[in-house]
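Asks: Mind looking over this structure? Questions follow.
Residue numbers (my numbering): 81 to 356.
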């Protein structure tokens, strides 16, 4: 009679969720669906364990996955979970330690303004009010990486509101300072922030500088296999080239549209089909 192998340890849905979430940026929406399913399956056990570290990991993963659904109700739930994450981290560690998680709250506000344009002013005002304290906490903590995150986050909210040239220039200045502070070893984070910086430069009328920033981001992100953010970087590059009246703008736009199509990101694909 054959000896049956002993069963391995049961899979941890929290680990499965994070594995699928990381895969989303290269593989697309099927991986995002797996991530959401795993995070939802993990909730009861995570909350029952009363382990702040696992709770933080679960809240961060779920809020991030919900962010990228580009569905208003799901993103609103992500906003609630991101705020809970900030509170959990502040209680378990300190309010300053929650700075990176506060920028997730702000990112959800900024992107909800894109997804629900009729409520854009409300989301942007909410995010900007929240970001004022984030910046104060980041400065008090004295950590360049946290201040860079906080500055880039506020810049993205200002860029979207862009009520006047002063705000557009303020967004560029915040992005520029964040870029100078960004740790050199965090090439992915710096490249992702560069997408917003390039968009802000285009809005402020400095398309030549935007082209350089966006090209660098494309190179880094493509080299890391991050097709989702590569598409966003190519779209930023396309806008810079379009502002410079360069015909290759439409090649970069087409590349961004195709990347989003392959990932199954329909909302992003529709937006990428219009240069503005």
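Virtual Cβ for every residue (Gly too), placed ideally from N, Cα, C. All values derive from a computational prediction rather than experimental measurement.
With distance defined between alpha-carbon atoms, name the residue in 352, 153 and 134 nearest to residue 92.
Replies: Along the chain shown, one-based indexing puts residue 92 at 12. Answer by Cα proximity: 134.
Asks: Is residue 353 close to chain B, meaning its C-beta is less than 8 Å from at least one C-beta of that chain?
Replies: Of the chains in the structure shown, none is chain B; there is only one protein chain.
Asks: Quick one: residues in its chain with C-beta nearer than 6 Å to the C-beta of residue 329, no 5 flanking neighbours on either side, listed in chain order?
Replies: Counted from its first residue, the chain shown places residue 329 at position 249. The answer, listed in chain order, is 318, 321 and 322.
Asks: Where do the N-terminal and C-terminal ends of the alpha helix (DSSP H) with residue 282 fall, by residue?
Replies: The residue given as residue 282 occupies position 202 in the chain shown. Unbroken alpha helix (DSSP H) run through residue 282: 267 to 283.
Asks: Please list, in chain order, all residues of the same chain as residue 343 whose beta carbon is under 7 Å from its beta carbon, the five residues on each side excluded.
Replies: Here residue 343 is taken as the residue at index 263 of the chain shown, counted from 1. Excluding positions up to five away in sequence, the list reads 108, 109, 307 and 308.
Asks: Does the segment 246 to 262 come close enough to the segment 200 to 214 to have 3 or more Cβ pairs within less than 8 Å?
Replies: No contact exists between the segment 246 to 262 and the segment 200 to 214.
Asks: Does residue 262 come out as helix, strand or coil in the three-state DSSP assignment?
Replies: Residue 262 sits at position 182 when you count from the first residue of the chain shown. DSSP places residue 262 in coil when its eight states are reduced to three.
Asks: What separation, rounded to the nearest whole angstrom, lies between the Cα atoms of residue 349 and residue 337?
Replies: For the purposes of this step, residue 349 is taken as residue 269 along the chain shown, with counting starting at 1. For the purposes of this step, residue 337 is taken as residue 257 along the chain shown, with counting starting at 1. Straight-line Cα distance between these residues: approximately 5 Å.
Asks: In this structure, does DSSP put residue 186 in helix, strand or coil?
Replies: Within the chain shown, the letter at position 106 stands for residue 186. DSSP places residue 186 in helix when its eight states are reduced to three.
Asks: Can you grab the Cα-Cα spacing for the pair residue 168 / residue 125, in whole Å?
Replies: Taking the first residue of the chain shown as 1, we reach residue 168 at position 88. Taking the first residue of the chain shown as 1, we reach residue 125 at position 45. Each residue's alpha carbon lies about 17 Å from the other.
Asks: For the alpha helix (DSSP H) holding residue 328, just list the boundary residues, first then last.
Replies: Your numbering for residue 328 matches position 248 in the chain shown. Taken as a continuous stretch (DSSP letters only), residue 328 belongs to no alpha helix (DSSP H), as it is neither H nor E.
Asks: Use the C-beta contact count for residue 130: other C-beta atoms within 10 angstroms, 16 or more gives buried, fewer gives exposed.
Replies: On the chain shown, position 50 is the one that residue 130 refers to. That one is exposed.
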